[in-house]
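For reference, the structure is listed below as structure tokens.
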Amino acid sequence: MKQTTTQNANFIRQIITADLVSGKCTKVHTRFPPEPNGYLHIGHAKSICLNFGIAKDYHGECNLRFDDTNPGNESKDFVEAIKYDIHWLGFDWTGDVRYSSDYFNKMYQYAIQLIYQGLAYVDELSTEQIREYRGTLNVSGKNSPFRNRSAHENFLLFEKMRNGDFLEGQACLRAKIDMSSSFIVMRDPVLYRIKYVAHHQTGHKWYIYPMYDFAHCISDALEGITHSLCTLEFQDNRRLYDWILNHINIKHHPHQYEFSRLNLEYSITSKRKMTQLINEKIVDGWDDPRLVTISGLRRRGYTPRSIREFCQLIGVTKQENTISMSLLESCIRNDLNNNAPRLMAVINPLKLIIENLPDNYEEIIIAPNHPNNPDMGTRNLFFSREIWIDRTDFREQANKNYKRLTLGHEVRLRYAYIVRAKSVLKDTSGNINCIYCTADLDTLGKTVKNRPKVKGVIHWVSAIHGIAAEFREYNSLFINPNPGCIEDLTSIINKNSLEIKHGFIEPHLTISEVIQNYQFEREGYFCTDYIHSSPSRLVFNKTVGLRNINENKFQ
Ligand code: ATP
Ligand code: MG
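For the record, in the sequence shown the residue sitting at position 336 is 336 according to my numbering, with numbers rising by one throughout.
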């Protein structure tokens, strides 16, 4: 069994190990319970790696259960997207996909059990009155005037709710616990409310829907979940979780444990806020590469392995903290450094003409696909008289610290020759149109003895063979490192979160539906964006730069 030693086990794994050793349970059974009201994000990945990871390492089981008790915001499309993302992350659930709605009949019966024990009543206070009566942390709540109805009367009213004989908001079923409890969740929480909304799984069958707190513990118990893992904001709800299971006739009683949510700087992990950004067209959809949704990260070029590695590194604790974006970036950088083939791409093209080569010059140079991994093979580079280099790799004049090309000086073209810049051609506004050079034809891929050394190496693409491409570079979507704390997101949007550039790449790419990751030498890691790419248009998303540069991201 993996991960059972206390040194590398998080506190939840330690509890599970102890439970298995003591015989409190014989097999661990977890669940991942997303609400299908949006796409999964990096915070969910933490929960997925925890729940599915535990099941895997302890030879247990993990269910996928959609927490579908809020039909108004949920949809089948979200269900499908969530299933896809879980598989893509490398996990699979036990048996069939479950839905809380699978148990609506049973939950209804359990509610009646509570009613007949005098532990639940139909309340006809309005939503605002219920809120008012609930009190605050410092002020005790007060009882609803409808609290002392007889069990039978409550049963009949609950039937009336189910039959659609009340208006929405006119009645609800509440647990009868303690309006003066120091835990506000225990002040007669609502168990069922009326909603005249079609449900993506049950259609028009129900006019009443259970609340999360009622549905969740019952679903966990019915599925034989042993360890029900959730985030810290549900800590107080654990009392209600246990209260409900203690007062209905159900055999199994799972235990809830809470861990801290993942907060990532410069990003939001709230489906409600993401929905707002999408609706206001601030981003292009759930898979916008600037969002930390799983689909956005995938489109940005993140691999499942890098996301799992990130979740491993951040660990699972009860401490609330905000993780630096550079940690997530270092995970994908490490992965791609080892696994992404290299190519050359010129993102801000400037033409360089090698005057001592004939017009129709063409040479094939063999270059490795990966500098440290010969198994990744080689590719043919096409060299010609006219090539593209990056505009930032040339200055007419520069001090000694500038290692790239300047007038009168030399630089090596990656895998090819040393060239010396002779002159430039400018347009009427003074912009450089092209650079004229000569190549030292004795320097192809070798260092020549007794020749002055050339330190700088720049990348290039043949102007005849290169293929036009679009490069999409992303910066943080927000100018505030903690956007989760800001209600009005529109006030902190970074206007430069997407920069689109047009350049050229080596002619080696075929566009497929599969995301392909590359390192564009000296530029960073990129992947094909198959949504925007077509046979006549090649589009790349920048995943991450080559180094962690602490530059100001908002200029
Ligand atoms: P959101 O605010 O994005 O709607 P949620 O908690 O309502 O989040 P659910 O779909 O209910 O979203 O979450 C499914 C599971 O994923 C829950 O167990 C939840 O605790 C966990 N989860 C959600 N967000 C995070 C996060 N940021 N970090 C860790 N776990 C999370
Ligand atoms: Mg939720």
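No residue lacks a Cβ here, since even glycine has one placed at the ideal position from N, Cα and C. These numbers come from a predicted model, not from an experiment.
Query: Cβ-Cβ distance between P483 and Y266 below 8 Å; Result: yes
Query: Counterpart residues of H559 in DSSP-defined beta bridges; Result: Absent from the structure is residue 559, since the part of the chain shown begins at 1 and ends at 555.
Query: Burial state of N38 (16 or more Cβ within 10 Å); Result: A small fix is needed here, since residue 38 is Gly in this sequence, not Asn. So G38 ends up on the buried side.
Query: Closest by C-alpha distance to G466, when choosing among L538, I500 and N494; Result: L538
Query: The stretch 204 to 223 in contact with the stretch 122 to 129 per 3-pair CB rule at 8 Å; Result: no
Query: Which residues DSSP lists as bridging H532, in chain order; Result: H532 is not bridged to any residue.
Query: Distance cut-off 7 Å: D67 Cβ against heavy atoms of the ligand ATP; Result: yes
Query: Burial state of Q117 (16 or more Cβ within 10 Å); Result: exposed
Query: Buried or exposed by the 16-neighbour rule on C-beta atoms within 10 Å, applied to K495; Result: exposed
Query: Reduced DSSP secondary structure (H/G/I, E/B, other) of H199; Result: strand
Query: H44 beta carbon near the ligand ATP (any heavy atom closer than 7 Å); Result: yes
Query: Chain-order list of residues whose beta-carbon lies under 7 Å from that of S462 (same chain, five-residue window excluded); Result: F382, F383, S384 and I387
Query: Identity of the residue in N334, V424 and Q235 nearest K351 by Cα; Result: V424
Query: Residue range of the alpha helix (DSSP H) that includes Q312; Result: P304 to I314
Query: contact_flag[the stretch 273 to 284, the stretch 308 to 319] where n(CB pairs < 8 Å) is 3 or more; Result: no
Query: Run of the beta strand (DSSP E) containing C437, from where it starts to where it stops; Result: I432 to D440
Query: For E128, three-class secondary structure by DSSP; Result: helix
Query: Backbone secondary structure at F478 - three-state DSSP; Result: strand
Query: Which listed residue (N70, H370, M186 and I493) has its alpha carbon closest to that of K195; Result: N70
Query: CB of N548 within 8 Å of CB of L336, strictly; Result: no
Query: Integer-rounded CB distance, given that L173 should sit under 8 Å from L156; Result: Wrong, their Cβ atoms sit about 12 Å apart, outside the cutoff.
Query: Cβ neighbour criterion (16 or more within 10 Å) applied to V139; Result: exposed
Query: Candidates N73, G90, D96 and P36: closest to N63 by CA position; Result: D96
Query: C-beta contact flag for L40 and D85 at 8 Å; Result: yes
Query: As assigned by DSSP and simplified to three states, the class of V544; Result: strand
Query: Check: K446 C-beta below 7 Å from any heavy atom of the ligand ATP; Result: no
Query: Reduced DSSP secondary structure (H/G/I, E/B, other) of I115; Result: helix
Query: Counted within 10 angstroms of its Cβ, other Cβ atoms place H502 as buried (16 or more) or exposed; Result: exposed
Query: Buried or exposed by the 16-neighbour rule on C-beta atoms within 10 Å, applied to L441; Result: exposed
Query: Rounded Cβ spacing between S47 and S219 (contact assumed at less than 8 Å); Result: Not quite, the Cβ-Cβ distance comes to about 16 Å (not below 8 Å), so this is no contact.
Query: Stretch pair the stretch 312 to 321 + the stretch 250 to 264: three plus CB contacts closer than 8 Å; Result: yes
Query: Backbone CA spacing between Q3 and Q14 [nearest angstrom]; Result: Residue confidence is low: Q3 scores 46 on pLDDT, short of 50, so the model does not pin down where it sits. Its coordinate-derived value is still stated next. C-alpha separation (whole angstroms): 9 Å.
Query: Cβ-Cβ distance between R300 and S497 below 8 Å; Result: no
Query: Counterpart residues of T231 in DSSP-defined beta bridges; Result: F259
Query: Contacts around I225, its chain only, beta-carbon distance under 6 Å, and the 5 residues preceding and following it disregarded; Result: H29, R31 and P254
Query: Straight-line Cα distance separating A469 from P341; Result: 18 Å
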